[in-house]
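Trainee: Sharing a structure below in structure tokens format, with a few things to ask.
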Amino acid sequence: MRPFAYQRATDAPSASQALAAAATANVPLTDAPVQLLAGGTTLIDLMKLDVMRPQTLVDINGLGPDWSQISLERGNLRIGALARMSDVAAHPEVLMQYPVVAESLKLAASPQLRNMATVGGNVMQRTRCTYFRDVSYVNCNKRKPGSGCAAMDGFNRTHAVLGTSDSCIATYPGDFAQALIALDASLEIVGKSGTRNMPFAQLHKPPGDSPQIETTLQPGELISAFVINGRWPRSIYLKTRDRDSYEFALASAAIALDVQDGNVRDARMALGGVATVPWRAREAEALLKGQKLDDALAQRVAEAAFKGASAREHNAFKIDLGKRVIAHALQRAAMMEI
Amino acid sequence: MTDHPPSRSMSAFNRRAFMSAAAGTAVAVPLTARGAGAPAKSTEAQDPSLPVNVTLRVNGEDRTVAIDARTTVLDALREHLGLTGSKKGCDHGQCGACTVLIEGRRVLSCLTLALVAQGKEITTIEGLGKEKQLHPMQQAFIDQDAFQCGYCTPGQIMSAVACVKEGHAGSDEEIREYMSGNICRCAAYPNIVAAVKQAAPAILKG
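Chains as they are written, first to last, in our numbering: chain A, -3 to 334; chain B, 571 to 776.
Following this line, the structure appears as structure tokens:
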């Protein structure tokens, strides 16, 4: 690991100023001179691998208790960005009213990692693949823009089939983000000139020709909270992976349904493990509205969700697996007793 | 009869004693340290190559060490404090061998910077029980033969204690899920589940 200066931020403006002061245009995230440290579960790992190379770490764990609060007010859920994944997953109201949120967090990592990692850090974790993690591969457009992508013709079994570009096919690795994007969550963001709100769906940008930049946050901005409007008791997160526990998704689905008298009044669907960003399947979910859910409809929805998918040599199986996950998750959501 | 030349005996000099002696020496070396954790609004340039003074509260005792800012809690414990019970497996947060409790919660000491853990209560396997009075989970691991080589065992035990206290030892299935962050290369998993089940009632009773 390269040496770094360690600073502790006690209030958001100082953290924001430190970030903004060091912001340099066209520098990949890996080489951003000032980086924020929350739970550290991805950052410290990637620093040990010499992938992330901050000159200064700003520790934001001491920003204050508000930053880790979870509250349900007037039917809206607000989660402070520094709340730990395990605490959000175990919150009684989250379990009851937003099972898709609780399940996505519970299935995301080992209990130790979930005790450490914050939800803000979770959505800001690097979109990464094994070639990105291994600096002995010179070709990585995320680490070195314009250097190429070793994964394109490499071993790309775990890579994305949706939202890919010629520059990058790394899969967005998180689970929680699928729940957020499915439930139309919004972000509270602190920046140099105060706070602003933004739909969570606008946070991640597809790789395009600049995969070294992953989010739309501006210099000096940090996420302070997530807000979910309304309640979604009929919601689930289904995750398939190579082993039963503690593994990234090969394909996953976050589904929320509002069903009345057997008819689907509203449906939300997001996919994980298959796309370069948290992936809302809007066209597919629209097929459900006003319909009675049966096997044939679930199949049509699944087909629609992967209409634009494109596979490389080793990851075509994800398209079929992803469709099965959707069909299965829809059936399970419909049968939930709430 | 022996005609071997007299050699320096190592018999009274086991590895653990050597480790703690070496760690003690390192701490005794005078080092110029800068204060750690200056607020971010401070604009003074810090020289990352200088050691920082960090006070860690380990097993109820405050220990101050002068360390490089990059030092993890795991390395601080093992290399600076002579507490070699916590093990370095992967050093990347994947195996769980380094699991310790910070403020009573199980975390990975290999991904936690010592600087971040200042002022927090750290409990390691050394602080769990005493040699003559083992913690119920330590005793259960012996009773159930829940290890073979033993390398992952301190992490398994720390994780298992937290697993029970969190209320996640209700069934074999739940124990397996909530112990999945601790990998056992010898695959003692069935016996680990049995040990967690054995110790759970005593731990929950307090």
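Think of the CB as a built atom: it goes at the ideal place given N, C-alpha and C, for glycine as much as any other residue. Keep in mind the model is a prediction, meaning the values are calculated, not measured.
Any chance the stretch 83 to 103 of chain A sits against the stretch 655 to 674 of chain B, with 3 or more Cβ pairs inside 8 Å?
Mentor: no
Trainee: How close, in whole Å, do the beta carbons of T211/A and Y168/A come, if the pair is a contact with beta carbons under 8 Å?
Mentor: Not really, about 11 Å apart at Cβ, beyond 8 Å.
Trainee: Expressed to the nearest angstrom, what Euclidean distance is found between the alpha-carbon atoms of M682/B and G36/A?
Mentor: One detail in the question is off: residue 682/B reads as Thr in this sequence, not Met. Approximately 7 Å, taken between the alpha carbons.
Trainee: Taking G318/A as part of the alpha helix (DSSP H), name the residues at either end of that continuous run.
Mentor: 313 to 331
Trainee: Give a yes or no on whether the minimum CB-CB distance between P760/B and chain A is below 7 Å.
Mentor: Judged by the 7 Å Cβ criterion, P760/B is not in contact with chain A.
Trainee: In chain order, what residues of the same chain have a beta carbon less than 6 Å from the beta carbon of I745/B, not counting five sequence neighbours either side?
Mentor: Excluding the 5 residues flanking it on each side, I745/B has same chain C-beta neighbours closer than 6 Å at A739, V763, V766, in chain order.
Trainee: Alpha helix (DSSP H) containing M856/B: first to last residue?
Mentor: Any answer about residue 856/B is impossible in this case: the structure gives chain B only from 571 up to 776.
Trainee: Scan the stretch 52 to 130 of chain A and note each continuous alpha helix (DSSP H) run of 4 residues or more that stays entirely inside, going in chain order.
Mentor: 81 to 86, 88 to 93, 95 to 102, 107 to 112, 115 to 120, 126 to 129
Trainee: Which residues mark the beginning and the end of the alpha helix (DSSP H) in which P771/B is found?
Mentor: 759 to 775
Trainee: Please compile the residues from chain D whose C-beta is within a distance smaller than 9 Å of the C-beta of R675/B.
Mentor: Protein chains A and B are contained in the structure displayed, whereas chain D is not.
Trainee: Tell me the DSSP secondary structure of R746/B in three-state form.
Mentor: DSSP places R746/B in helix when its eight states are reduced to three.
Trainee: Which one of I322/A, P203/A, S143/A has the shortest CA to CA distance from K235/A?
Mentor: I322/A
Trainee: From the DSSP output, in three-state form, read off R261/A for me.
Mentor: strand
Trainee: Could you tell me how far apart the beta carbons of A329/A and L267/A are, in whole angstroms, since I believe they sit closer than 8 Å?
Mentor: The Cβ separation is near 14 Å, so there is no contact.
Trainee: Would you say P621/B faces chain A, with C-beta separation under 7 Å as the test?
Mentor: It does not: the Cβ of P621/B has no partner Cβ on chain A nearer than 7 Å.
Trainee: State the start and end residues of the unbroken alpha helix (DSSP H) segment that holds F172/A.
Mentor: 172 to 178
Trainee: Spell out a yes or no on whether the stretch 189 to 208 of chain A and the stretch 238 to 255 of chain A are touching, meaning 3 or more CB-CB pairs, one atom from each, closer than 8 Å.
Mentor: no
Trainee: Quick test of the definition: if touching needs 3 or more C-beta pairs under 8 Å, does the stretch 722 to 731 of chain B touch the stretch 700 to 713 of chain B?
Mentor: yes
Trainee: What do you get for T613/B, buried or exposed, if any count of 16 or more other CB atoms within 10 angstroms of its CB means buried?
Mentor: Residue placement at T613/B is poorly supported in this model, since its pLDDT is 38, which falls under 50; the coordinates are not used for a value here.
Trainee: Which partner residues of M194/A appear in the DSSP bridge assignment?
Mentor: For M194/A, DSSP records a beta bridge to L183/A.
Trainee: Are the stretch 294 to 308 of chain A and the stretch 188 to 195 of chain A touching by the rule of at least three beta carbon pairs closer than 8 Å?
Mentor: no
Trainee: Would you say T37/A lies against chain B (beta-carbon separation less than 7 Å)?
Mentor: yes
Trainee: Compile a chain-ordered list of the residues in the stretch 213 to 243 of chain A whose CB is closer than 7 Å to at least one CB of chain B.
Mentor: S241, Y242
Trainee: Does the distance from the CB of I75/A to the CB of V115/A come in under 7 Å?
Mentor: The Cβ atoms of I75/A and V115/A lie closer than 7 Å to each other.
Trainee: So K235/A is in the beta strand (DSSP E); what residue range does that whole segment cover?
Mentor: 231 to 236
Trainee: Counting only Cβ pairs nearer than 7 Å, list the residues of chain B close to D55/A.
Mentor: V686
Trainee: Can you tell which of A178/A, R49/A, M112/A, D62/A has its C-alpha closest to the C-alpha of T6/A?
Mentor: D62/A
Trainee: Return the CA-CA distance between E333/A and P229/A, expressed in angstroms with no decimal places.
Mentor: If you take the alpha carbons of E333/A and P229/A, they lie about 9 Å apart.
Trainee: Hey, would you say A271/A sits closer than 7 Å to A156/A, going by beta carbons?
Mentor: yes
Trainee: Given a threshold of 16 other Cβ atoms within 10 Å of its Cβ, counted over all protein chains shown, does T154/A qualify as buried or as exposed?
Mentor: buried
Trainee: Determine the DSSP secondary structure at H200/A, reduced to helix, strand or coil.
Mentor: H200/A sits in a strand when the DSSP states are folded into three classes.
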